[in-house]
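Quick notes on the structure that follows.
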Amino acid sequence: MKADFRKRDGLARTGILDPESGAPIPLPAVADCAGLFPDLASPAGSNLPLCAPAELVRKFPPPAGTRPVTIHPQMENPAQSGDCVMAAGWHTAFANPRSYAGWLIALKERTPPDTVWYAPASALPLNAAILCYSGFDLFDYTAVDLKSAQGIFCTPEGDLTGDALKSGICSCPGCAAGDLKEHNRHALRQELALVRRFIANGQIRDLVESRCRLDAVQVAILRHLDNHSGFMEHALPVARSGVMRATSGESLQRAEVRRFAERVIERYIPPKTGVAVLIPCSAKKPYSLSQSHRKFQQAIGGRAHELIVTSPLGLVPRELETVYPAGHYDVPVTGYWDAEERAIIAGILARYLRRHPYRRIIAHLEGGALEVARMAAEQCGICLEYSCTENPAGSTALNALDAALAGERRIKDDRLHGMLSYQFNCDTDTRGTTPRGHFPEVFYSRNHVQLFSIDTGTGMLRPTLDGWKIIPAGYRVQIDDFIPEGDILAPGVVSADPAIRDGDEVLVTGPRILGTGRAAMPGDEMLRCRRGIAVRVRKIKKIEIQP
Ligand SMILES: [Zn+2]
5 MKADFRKRDG LARTGILDPE SGAPIPLPAV ADCAGLFPDL ASPAGSNLPL CAPAELVRKF
65 PPPAGTRPVT IHPQMENPAQ SGDCVMAAGW HTAFANPRSY AGWLIALKER TPPDTVWYAP
125 ASALPLNAAI LCYSGFDLFD YTAVDLKSAQ GIFCTPEGDL TGDALKSGIC SCPGCAAGDL
185 KEHNRHALRQ ELALVRRFIA NGQIRDLVES RCRLDAVQVA ILRHLDNHSG FMEHALPVAR
245 SGVMRATSGE SLQRAEVRRF AERVIERYIP PKTGVAVLIP CSAKKPYSLS QSHRKFQQAI
305 GGRAHELIVT SPLGLVPREL ETVYPAGHYD VPVTGYWDAE ERAIIAGILA RYLRRHPYRR
365 IIAHLEGGAL EVARMAAEQC GICLEYSCTE NPAGSTALNA LDAALAGERR IKDDRLHGML
425 SYQFNCDTDT RGTTPRGHFP EVFYSRNHVQ LFSIDTGTGM LRPTLDGWKI IPAGYRVQID
485 DFIPEGDILA PGVVSADPAI RDGDEVLVTG PRILGTGRAA MPGDEMLRCR RGIAVRVRKI
545 KKIEIQP
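Residue 5 is where the sequence shown starts when you use my numbering, and the numbers rise one by one after that.
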């Protein structure tokens, strides 16, 4: 049996499972697991409860060599790259959302990333999305068949009574034939097909946030997983090209939302200026393309650093407006910010302002964003100036903003420097670089040599080999002594910066080559995996070895 993972989205992934006999199975999938794994007929040592203490688990190790490899949160396991692993009893984890998160993390940390994860007797149309979001790939029909035996009609929205079979809710072959068992199996396959599509689109989180609304247990699991933001962040791609829907209360806690705020505070280096203007966001992204932001920029005239106050991201410096998720989020706009939202975003703003003091800060805001700015100023003991309290894009407000900035000097516009500091965590020398192109499709060069372009899908910088010369350290992947033909596979990687996440731009270095590319997995997983693509290569250059 062989599995190849294709697209990752956090812990979720799509792939192909190639059984020794029979057709390849697209993952995540429901399959006849008893047929795939003959060892399951005698599952010794695989029925210990997930809550069993370590001493007990150690007394009952699963027999060596059985497939799938049984894993338990309290047990080191012998699983290797390419194995299928089984979290026995995982269906019981739904009874305890806090433990669900804790057990999952313990299991993930003890098991190679490139293994197929089987959750026996667990999957229903209702919970398939969150199981896949948690990193499970393979399921059986046990749970749905049990529902059928109980006369329950399964849907992704939850359980209905068996008479739903004839109600027109579903028109699958099972419903057409009045066969509840076939309907329930069909509903699970259909939900998994949908999940595969959402993973491929990089939107599994959006699907889970939607699906969990009808099941409080799932909301609790989602929140407990979000509380382990370091664990979740590690697996999340650094950028996507699609829309990030920030449409629920959970959006504030999404690991990628927290990561953006952390990097703005900890990595980003603002331009040298004493004056900042806080302005509202716009529905259109990037903000610069909106009418309101054209007016703001005209009034400001380059005389202040522009900081956009927004939910759920907190604070977006103008230079980062194209970067994922700043250029990609979609929020319901009502102007009302709830108490939790205000507290979190004021906290982000206050941390930023403490780290980067300005001589003057002008709040050009209204409503919830204005309230947040006031809270942040109070927290760090600074005085704000106000150029409006309502309708920031109106002519009265714009004139007041223009007047407030009278006498201030234009600051040097260095978008590239700000973006590099955020993306590569470095302070670079960008003197002499010039942009060209039509925003947001921008190219940066020095002395007519192209250094960077902006990926218009993700809004991230793409360095050329010359561009990498001005990034002093980090984001390197070192390979063995070979000349790659195509992408770099994990076994060829010798070392990789642990800061690297899926989707990051990286410099590939080897004894005989230099290359540019995009990471397809986190840096540490490149070393933990024995299979799979580590870096999708864009360009490889052979190094001339002096004789
Ligand atoms: Zn049906």
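Just so you know, even glycine gets a beta-carbon here, dropped at the ideal spot from N, CA and C.
Nearest neighbour of residue i, chosen from the options [CA to CA]
i: Leu256; options: Ala280, Ala180 and Ala347; result: Ala347
i: Pro32; options: Gly339, Glu80, Ser138 and Gly471; result: Ser138
i: Phe443; options: Arg466, Lys545 and Thr326; result: Thr326
i: Gln222; options: Met248, Ala83 and Glu161; result: Glu161
i: Pro30; options: Asn81, Cys37, Met79 and Asp141; result: Asp141
i: Tyr426; options: Cys392, Ile349, Arg322 and Glu345; result: Arg322
i: His452; options: Gly461, Pro439, Met464 and Gly463; result: Pro439
i: His421; options: Thr434, Arg414 and Ile415; result: Thr434
i: Asp8; options: Asp219, Glu186, Ala500 and Trp121; result: Trp121
i: Asn395; options: Met379, Ala224 and Gly372; result: Gly372
i: His332; options: Phe447, Gly461, Arg355 and Ser233; result: Gly461
i: Leu135; options: Leu424, Leu282 and Thr96; result: Thr96
i: Ala204; options: Trp341, Gln194 and Gly246; result: Gly246
i: Leu130; options: Ala220, Val481 and Asp528; result: Ala220
i: Ala503; options: Gly527, Leu405 and Ala250; result: Gly527
i: Arg413; options: His309, Asp431 and Tyr479; result: His309
i: Ser196; options: Ala132, Ala153 and Asp167; result: As written in the sequence, residue 196 is Leu, which differs from the Ser given in the question. Nearest option by C-alpha distance: Ala132.
i: Leu21; options: Asn81, Asp43 and Phe143; result: Phe143
i: His76; options: Cys55, Ala38, Arg532 and Gln154; result: Cys55
i: Thr115; options: Thr513, Ser25 and Asp87; result: Asp87
i: Ala555; options: Cys533, Phe428 and Lys546; result: Because the chain in this structure spans residues 5 to 551, residue 555 falls outside the shown range and cannot be described.
Three-way DSSP call (helix, strand, coil) for residue i in this model
i: Phe157; result: strand
i: Gln194; result: helix
i: Ala133; result: helix
i: Cys216; result: helix
i: Leu111; result: helix
i: Thr146; result: helix
i: Gly514; result: coil
i: Val327; result: coil
i: Glu237; result: helix
i: Cys37; result: helix
i: Arg413; result: coil
i: Ile458; result: strand
i: Thr119; result: coil
i: Ser315; result: coil
i: Gly4; result: The displayed coordinates of the chain run from 5 to 551. Any statement about residue 4 would go beyond what the structure contains.
i: Thr434; result: coil
i: Ile20; result: strand
i: Ser499; result: strand
Spatial neighbours of residue i in its chain, beta-carbon cut-off 8 Å, leaving aside the 5 residues before and after
i: Leu128; result: Ala147, Val148, Lys151, Cys158 and Leu192
i: Glu213; result: Leu226, Arg249, Thr251, Ser252, Glu254 and Ser255
i: Cys430; result: Leu424, Ile475, Pro476, Ala477 and Gly478
Own chain residues within Cβ distance below 6 Å of residue i, not counting five before or after
i: Leu357; result: Cys384
i: Gly324; result: According to the sequence displayed, residue 324 carries Leu and not Gly. Excluding sequence neighbours, Leu324 sits near Ala330 and Tyr426.
i: Trp472; result: Leu511
i: Phe456; result: Tyr448, Leu465, Pro467 and Gly471
i: Gly436; result: Arg450
Cβ-based neighbour list, residue i, same chain, cut-off 7 Å, excluding 5 preceding and 5 following
i: Val337; result: Ala287
i: Thr314; result: Cys285 and Val320
i: Gly278; result: Tyr362, Arg363 and Arg364
i: Leu531; result: Val497 and Ala500
i: Ala303; result: Leu402, Leu405 and Asp406
i: Ala350; result: Val376, Met379, Ala380 and Gln383
Residue range of the beta strand (DSSP E) that includes residue i
i: Glu445; result: Glu445 to Arg450
i: Thr74; result: Val73 to Ile75
i: Ile537; result: Ile537 to Lys546
i: Asp167; result: Element bounds for Asp167: n/a, residue is neither H nor E.
Residue i: first and last residue of the uninterrupted alpha helix (DSSP H) it sits in
i: Ala554; result: Lying outside 5 to 551, the shown extent of the chain, residue 554 is not represented and no answer is given.
i: Trp472; result: Leu469 to Trp472
i: Tyr356; result: Ala343 to Arg359
i: His297; result: Gln295 to Ile304
i: Arg419; result: Arg419 to Phe428
i: Ala381; result: Gly371 to Gln383
i: Gly527; result: Gly527 to Arg532
i: Phe9; result: Here Phe9 belongs to no alpha helix (DSSP H); instead the beta strand (DSSP E) covers Lys6 to Asp13.
i: Leu405; result: Ser399 to Ala408
Near ligand 2: residue i beta-carbon under 6 Å from a heavy atom
i: Gly178; result: Although ligand 2 was asked about, the structure shown includes only ligand 1 as ligands.
Would you check if there are 3 or more beta carbon pairs closer than 8 Å linking the region 486-498 to the region 531-547? Touching, per the Cβ criterion.
Do three or more CB pairs link the region 273-281 to the region 241-259 at distances below 8 Å? With a cut-off of 8 Å, the region 241-259 and the region 273-281 do not count as touching, because too few Cβ pairs lie within range.
Evaluate contact between the region 82-99 and the region 108-121, counting only Cβ atoms and requiring at least three cross-stretch pairs below 8 Å. At 8 Å Cβ cutoff, the stretches touch.
Determine contact between the region 280-293 and the region 208-222, defined as no fewer than three beta-carbon pairs at a distance below 8 Å. Segment contact: the region 280-293 against the region 208-222, fewer than three CB-CB distances shorter than 8 Å; contact not assigned.
Does the region 349-366 come within contact of the region 472-484, defined as at least 3 CB pairs closer than 8 Å? No: the two stretches stay apart, fewer than three of their Cβ pairs being nearer than 8 Å.
Sufficient close CB pairs (3 or more, under 8 Å) joining the region 399-414 to the region 231-248: As far as the Cβ criterion goes, the region 399-414 does not touch the region 231-248, which means the pair count is below three.
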